[in-house]
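> Below you will find the structure I want to go over with you.
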Amino acid sequence: MEANKSRSLMPEIYVSRNRCKRCGVCIELCPSHVYVASEEGYPEPRNIEKCTQCQLCELWCPDYAIEIEVHEDER
Numbered sequence: 002m003e004a005n006k007s008r009s010l011m012p013e014i015y016v017s018r019n020r021c022k023r024c025g026v027c028i029e030l031c032p033s034h035v036y037v038a039s040e041e042g043y044p045e046p047r048n049i050e051k052c053t054q055c056q057l058c059e060l061w062c063p064d065y066a067i068e069i070e071v072h073e074d075e076r
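2 is the number of the first residue of the sequence shown in this note's numbering; add one for each residue after it.
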């Protein structure tokens, strides 16, 4: 018999510094506090394990600078 594996969705979050104007909308809107502002003011996804894939950051980014890809992760 095969052991049961728990599966979760692990996001990959990409922030385009070419598009980002450092407005901070993503940092303010994220209910899970995934983003932290870098020294230059760019959003850095540092707490990816807390991401709930709500995609508020991606949807509300006025510069379309955030892209989220969700992959199934077997554990």
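We treat Cβ as the ideally placed atom computed from N, Cα and C, and that holds for glycine.
Assign Ile106 to buried or exposed, taking buried as 16 or more other Cβ atoms, counted over all protein chains shown, within 10 Å of its Cβ.
Absent from the model: residue 106. The displayed extent of the chain is 2 to 76, so no value can be given.
> If you run the structure through DSSP and keep just helix, strand and coil, what is Glu41?
Residue state, collapsed to three classes: coil.
> For Gln54 and Leu10, which I take to be in contact (beta-carbon distance under 8 Å), what is that distance rounded to the nearest angstrom?
Contact holds; Cβ gap of about 6 Å.
> Answer yes or no: do Arg23 and Gly42 have a C-beta to C-beta separation smaller than 9 Å?
Yes; because the gap between Cβ atoms is below 9 Å, this pair is in contact.
> Is it buried or exposed, Glu3, if we count other Cβ atoms within 10 angstroms and call 16 or more buried?
Summary for Glu3: the model assigns pLDDT 48, below 50, so the residue's position carries little reliability, and this model does not support an answer.
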